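> Here's a structure for you.
2 protein chains.
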Amino acid sequence: MTPEQQGSAPTLEQVAKAAGVSRSTVSRVINDSPKVTPEALAAVRQAIEELGYVPNRAARILASRRTQSIALVIPENTARFFADPYFATVVQGIAMYLSDTDYTLSLLIAAEKDGEKTRRYLQAGNVDGALILSHHSDDRSYTQLARSIPVVFGGRPMSQEGSEAYYIDVDNVEAARNVTRRLIENGRRRIATIAGPADMSAGLDRLEGWRQALDAAGIPTHLVEHGDFSPAGGEAAMRRLLERGEEIDGVFAASSLMAQGALNVLRSHGRSVPHDLGLVTFDNDYAAQSSSPPLTTIEQPTVEQGRRMVDVLLHLIDGGTVSQITMMPTRVIERGSE
Amino acid sequence: MTPEQQGSAPTLEQVAKAAGVSRSTVSRVINDSPKVTPEALAAVRQAIEELGYVPNRAARILASRRTQSIALVIPENTARFFADPYFATVVQGIAMYLSDTDYTLSLLIAAEKDGEKTRRYLQAGNVDGALILSHHSDDRSYTQLARSIPVVFGGRPMSQEGSEAYYIDVDNVEAARNVTRRLIENGRRRIATIAGPADMSAGLDRLEGWRQALDAAGIPTHLVEHGDFSPAGGEAAMRRLLERGEEIDGVFAASSLMAQGALNVLRSHGRSVPHDLGLVTFDNDYAAQSSSPPLTTIEQPTVEQGRRMVDVLLHLIDGGTVSQITMMPTRVIERGSE
DNA sequence: TTGAAAGCGCTAACAG
DNA sequence: CTGTTAGCGCTTTCAA
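Which chain is which? The protein sequence lines are A and B, in order.
Using my numbering, you'd call the opening residue of the first sequence number 938 and step up by one each time.
Using my numbering, you'd call the opening residue of the second sequence number 938 and step up by one each time.
Now the structure itself:
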């Protein structure tokens, strides 16, 4: 045990001394520079090993001007965010992919009141890039942020500047149209939708898909109630739909969580699916798979979406060229609930 | 618009110049030092405001040897982790509390293969402290880590060294005993349990609580099957329980997610709750509230648990004295499913 | 109370 | 391929 091993962490300088080389050489080894002789390399590696040396992150960042860390910005309502299997799995994709790299993930909660604080932090060069998830129409500040640092969105951003944004998404319009069509093919003619928030692109697009499917079949499209993608929101929307007193024989709920809420309300009203009315939804999570009845739904590659977000961001950080829009495939999962 | 505003972020030096003071004084203002005259303070504040100055994190860390960031270590299986409302809400508590402080949250995925990598990162002084969640019996390395930096566990750690660990928990034994007792009070006499993993304290403790309740009533305790706290795990366990061919009139599922899986299996076997058998569980999440039937369960303050974890950790970092064990209250929520 | 000066541990030209 | 030399932007004694 060398004396240096005591106390605090060993420095690069100590490694250099132990290996009998200069600090630069140690630095080169750490950074995988090819310009190091095998002997020097071996000596340094051994010294590093023996001393249990780990580079000081802050010093590296300061000297190199690269933070090797990226931010994951999520909305203030962390509760609902993580409670949604969709976001949970996207985050999983992000985290897993990142753990294979040297990048570190910083979780940033965007307080609605002062998004200012968040934006400043990001602009101050504390991260190499940012991932924005579940943004509403007030995502303007983030699309602008993209001028300072690389930014990748999960889902198409709403604001105008979004036309220059990089994002990963699925074709929500097409997917919603496809799954709604199942209801129609099954003879449903009075079809409602529990739409997502009107200030989120996924909400709007799925609503549009539903509308397109109905229009194509000459079915009226006035049976719309919005929810917030949560079970409670789905319950409330379904209740409002029933209170309208109109006949309804089919419902497209824009998220599996909302479908669960709707299912509960229907059940308590003694209306059975798919006997009395058809119910289809979006997201192939556990709830959709095992509710009774299991729900016909849209499957989207959520984990993969997270992976791709990171992928695009890292390319951007490296100054590479990537396509602005990455569309992931979806497919209808038939379960007979329509 | 001053020329400095162009290009990259302003530095402390620029603020000093603009305010007509030295860098030291600016630094003092940033760090809330009391030794600054009101005039100097005002001048600096204004300069900071005008320039939109944000301190460079890396430089601060390097100079002060405090990282102002803490790590949240979660298990490799990020998918299941976030899919569980329990963890999701604990993380919420952590994130929300932290966003009120100057600390930054780093998400660390503990690869099971080389937890070595994770541990080194933590020991290299990259964070001021760590929060460990959902650890199995192999949490030895983390309890040892506590010798190098402050560490707080969510849930009692399993390993021996755990006796010196700081942790936030609920009395799982008592809670499980209480909810199981409802089954007994309702006349159930052949009571099974879908227990959690045998390498997690929450799994073992809840099993023990179930056992105590049964022992007290003179009911045999051989009807045990383990799950992994997930819906799929609950399904499999319930299936194994039924395959035993023994009569069962009550089940305590150690997590709400497992209860949902069990409910699905029971339903497909034509056995109704609570008519044919009683079912009680743990966690008062949406699933437990709105499954059919809604489930009698244990409510625990999850968000608050996250908050307290951070609270204890920050106290530890500040060198303060905190009690090692923080127990949070639980209560039984009656819903008639027993 | 304030400023000057000396680093924190590392990277990045540059010359050799 | 290697070592020397300057900093990166901030904190922190120490004098003044």
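Backbone N, C-alpha and C fix where the C-beta goes; we use that ideal spot for every residue, glycine too.
Quantities reported herein were computed from a predicted structural model and do not represent experimental measurements.
Using the C-alpha atoms, what's the distance from A:M1175 back to B:S1260?
Here residue 1260 of chain B refers to the residue found at position 323 of the second sequence. Here residue 1175 of chain A refers to the residue found at position 238 of the first sequence. Looking at the two C-alpha atoms, the distance is approximately 48 Å.
> For B:V991 and chain A, any beta-carbon pair shorter than 7 Å?
Counted from its first residue, the second sequence places residue 991 of chain B at position 54. It does: the Cβ of B:V991 has a partner Cβ on chain A nearer than 7 Å.
> Can you list the residues of chain B that A:V963 reaches, using a CB-CB cut of under 8 Å?
For the purposes of this step, residue 963 of chain A is identified with residue 26 of the first sequence, where counting begins at 1. Ordered by position in chain B, no residue passes the 8 Å Cβ test against A:V963, which lies about 15 Å from the chain.
> Please check if any C-beta of chain A sits within less than 7 Å of the C-beta of B:A1032.
Here residue 1032 of chain B corresponds to residue number 95 of the second sequence, with the count starting at 1. Yes, contact with chain A.
> Would A:R994 pass as an interface residue toward chain B - the criterion being a Cβ-Cβ separation below 7 Å?
For the purposes of this step, residue 994 of chain A is taken as the residue at position 57 of the first sequence. Yes, A:R994 lies at the interface with chain B (some Cβ there is under 7 Å from its Cβ).
> Contact check, B:L1214 vs B:I1185 under 8 Å by CB: the rounded distance?
As a working mapping, residue 1214 of chain B is identified with position 277 in the second sequence. As a working mapping, residue 1185 of chain B is identified with position 248 in the second sequence. Indeed, because the Cβ distance is near 6 Å, the residues count as touching under 8 Å.
> How far does the beta strand (DSSP E) with B:T962 in it reach, from first residue to last?
Numbered from its first residue, the second sequence carries residue 962 of chain B at position 25. From DSSP, B:T962 is part of no beta strand (DSSP E) but of the alpha helix (DSSP H) over 960–967.
> Quick check: what's the CA-CA separation for B:P940 versus A:Q1081?
By one-based count along the second sequence, residue 940 of chain B stands at place 3. By one-based count along the first sequence, residue 1081 of chain A stands at place 144. Residue confidence is low: B:P940 scores 33 on pLDDT, short of 50, so the model does not pin down where it sits. No coordinate-derived value is stated.
> Straight-line CA distance for B:T1234 to A:G1155?
By 1-based counting over the second sequence, the position of residue 1234 of chain B is 297. By 1-based counting over the first sequence, the position of residue 1155 of chain A is 218. Near 48 Å, if we compare the C-alpha coordinates of A:G1155 and B:T1234.
> Determine whether the Cβ of B:L1232 lies closer than 7 Å to any Cβ atom of chain A.
Along the second sequence, one-based indexing puts residue 1232 of chain B at 295. B:L1232 does not count as touching chain A.
> For the region 1155–1183 of chain B, list the alpha helix (DSSP H) runs that are entirely contained and at least 4 residues long, ordered along the chain.
Correct list: 1168–1180.
> Just list the residues that DSSP pairs B:P1012 with in beta bridges.
Position 75 of the second sequence holds residue 1012 of chain B. B:A1047, per the DSSP bridge assignment.
> I want to verify the contact list: residues of chain B whose CB lies under 8 Å from the CB of A:R1057, in sequence order.
Translated into positions along the first sequence, residue 1057 of chain A becomes position 120. In chain order: G989, V991.
> Would you list the one or two residues that DSSP bridges to A:T1234?
Start at 1 with the first residue of the first sequence, and residue 1234 of chain A comes out as number 297. Paired residues: A:I1270.
> So, is B:M1264 buried or exposed, given that buried needs 16 or more other C-beta atoms within 10 angstroms?
To locate residue 1264 of chain B, count along the second sequence from 1; it is residue 327. The residue in question, B:M1264, is exposed, as its Cβ has fewer than 16 Cβ neighbours within 10 Å.
> Pull up the distance between the alpha-carbon of B:V1249 and that of B:L1141, whole angstroms please.
Taking the first residue of the second sequence as 1, we reach residue 1249 of chain B at position 312. Taking the first residue of the second sequence as 1, we reach residue 1141 of chain B at position 204. Computed Cα separation, rounded: 25 Å.
> Considering only the alpha carbon of each residue, which of A:T1258, A:S1274, A:A1102, A:I1069 lies closest to A:A1047?
Numbered from its first residue, the first sequence carries residue 1047 of chain A at position 110. The residue with the shortest Cα to Cα distance from A:A1047 is A:I1069.
> Closest to B:L1144 by C-alpha separation, out of B:G1124, B:A1153, B:H1163, B:L1042, would be which residue?
In the second sequence, residue 1144 of chain B corresponds to position 207, counting from 1. Here the closest residue by C-alpha is B:H1163.
> Taking C-beta to C-beta, are B:S1100 and B:D1076 nearer than 7 Å?
In the second sequence, counting from the first residue as 1, residue 1100 of chain B sits at position 163. In the second sequence, counting from the first residue as 1, residue 1076 of chain B sits at position 139. Contact flag unset, no.
> Would you verify that the beta carbon of A:Y1223 is, or is not, closer than 7 Å to some beta carbon of chain B?
Position 286 of the first sequence, counting from 1, holds the residue named residue 1223 of chain A. So, interface residue.
> Is A:T1041 close to chain B? Criterion is C-beta to C-beta, closer than 7 Å.
Here residue 1041 of chain A is taken as the residue at index 104 of the first sequence, counted from 1. At least one chain B Cβ lies under 7 Å of A:T1041.
> From the DSSP output, in three-state form, read off A:S1001 for me.
Numbered from its first residue, the first sequence carries residue 1001 of chain A at position 64. A:S1001 falls in the helix class under three-state DSSP.
> Going by the CB atoms, is the gap between A:G1170 and A:A888 shorter than 7 Å?
Shown here, chain A extends from 938 to 1275; a query on residue 888 of chain A therefore has no answer.
> So within the region 1013–1093 of chain A, which uninterrupted alpha helix (DSSP H) runs reach at least 4 residues, ignoring any that extend past its ends?
Taking only runs of at least 4 residues, the alpha helix (DSSP H) segments lying wholly in the region 1013–1093 of chain A are 1015–1020, 1022–1035, 1052–1060, 1077–1082.
> Rounded to whole angstroms, what's the CA-CA distance from B:P1087 to A:S1043? Just pull it up for me.
As a position in the second sequence, residue 1087 of chain B is number 150, starting the count at 1. As a position in the first sequence, residue 1043 of chain A is number 106, starting the count at 1. Distance between the alpha carbons of B:P1087 and A:S1043 is about 19 Å.
> Per DSSP, what are the beta-bridge partners of A:T1263 in this structure?
Locating residue 1263 of chain A in the first sequence gives position 326, where the first residue counts as 1. According to DSSP, which records beta bridges pairwise, A:T1263 is partnered with A:I1105.
> Which residue wins for smallest C-alpha separation from B:P1238, given the options B:G1182, B:E950, B:V1269, B:K954?
Against the second sequence, residue 1238 of chain B aligns to sequence position 301. Of B:G1182, B:E950, B:V1269, B:K954, the residue nearest in Cα terms is B:V1269.
> Answer with yes or no whether the minimum CB distance from A:L1044 to chain B is below 7 Å.
Sequence index remark: in the first sequence, residue 1044 of chain A carries index 107 (1-based). Closer than 7 Å: yes.
> For the candidate residues A:L1059, A:D1106, A:N1221, whose alpha-carbon lies nearest to that of A:V1116?
Numbered from 1 along the first sequence, position 179 holds the residue referred to as residue 1116 of chain A. The residue with the shortest Cα to Cα distance from A:V1116 is A:N1221.
> Quick check: the Cα distance between A:K972 and A:S1001, rounded to an integer number of angstroms?
Here residue 972 of chain A refers to the residue found at position 35 when the first sequence is read from its first residue. Here residue 1001 of chain A refers to the residue found at position 64 when the first sequence is read from its first residue. Approximately 19 Å between the Cα atoms of the pair.
> Would you kindly report the start and end of the unbroken alpha helix (DSSP H) that includes A:L1253?
Counting from 1 along the first sequence, the entry for residue 1253 of chain A is found at position 316. Looking at the DSSP string, the run of the alpha helix (DSSP H) that includes A:L1253 is 1239–1254.
> Taking a contact to mean a Cβ-Cβ separation below 7 Å, would you say B:V1247 touches B:I1031 in this structure?
As a first step, residue 1247 of chain B must be located in the second sequence, where it is residue number 310. As a first step, residue 1031 of chain B must be located in the second sequence, where it is residue number 94. Contact: yes.
> Using C-beta distances below 8 Å, list every residue in its chain close to A:D1152, excluding the 5 sequence neighbours before and after it, in chain order.
Stepping through the first sequence from its first residue, residue 1152 of chain A is reached at position 215. The answer, listed in chain order, is T1158.
> Closer than 9 Å, Cβ to any Cβ of chain A: which residues of the region 1056–1085 of chain B, in chain order?
The residues in question are R1057, Y1058, Q1060, A1061, G1062, N1063.
> By Cβ distance below 7 Å, which residues in the same chain neighbour A:V1139 in space, the five residues on each side in sequence not counted?
Taking the first sequence and counting its residues from 1, one reaches residue 1139 of chain A at position 202. Here the sequence assigns Ala to residue 1139 of chain A, which means Val is not the residue at that position. Hits under 7 Å: G1092, N1109, G1133.
> Given this structure, state the Cα-to-Cα distance separating A:V1010 from B:F1024, to the nearest angstrom.
Walking along the first sequence from the start, residue 1010 of chain A turns up at place 73. Walking along the second sequence from the start, residue 1024 of chain B turns up at place 87. Computed Cα separation, rounded: 19 Å.
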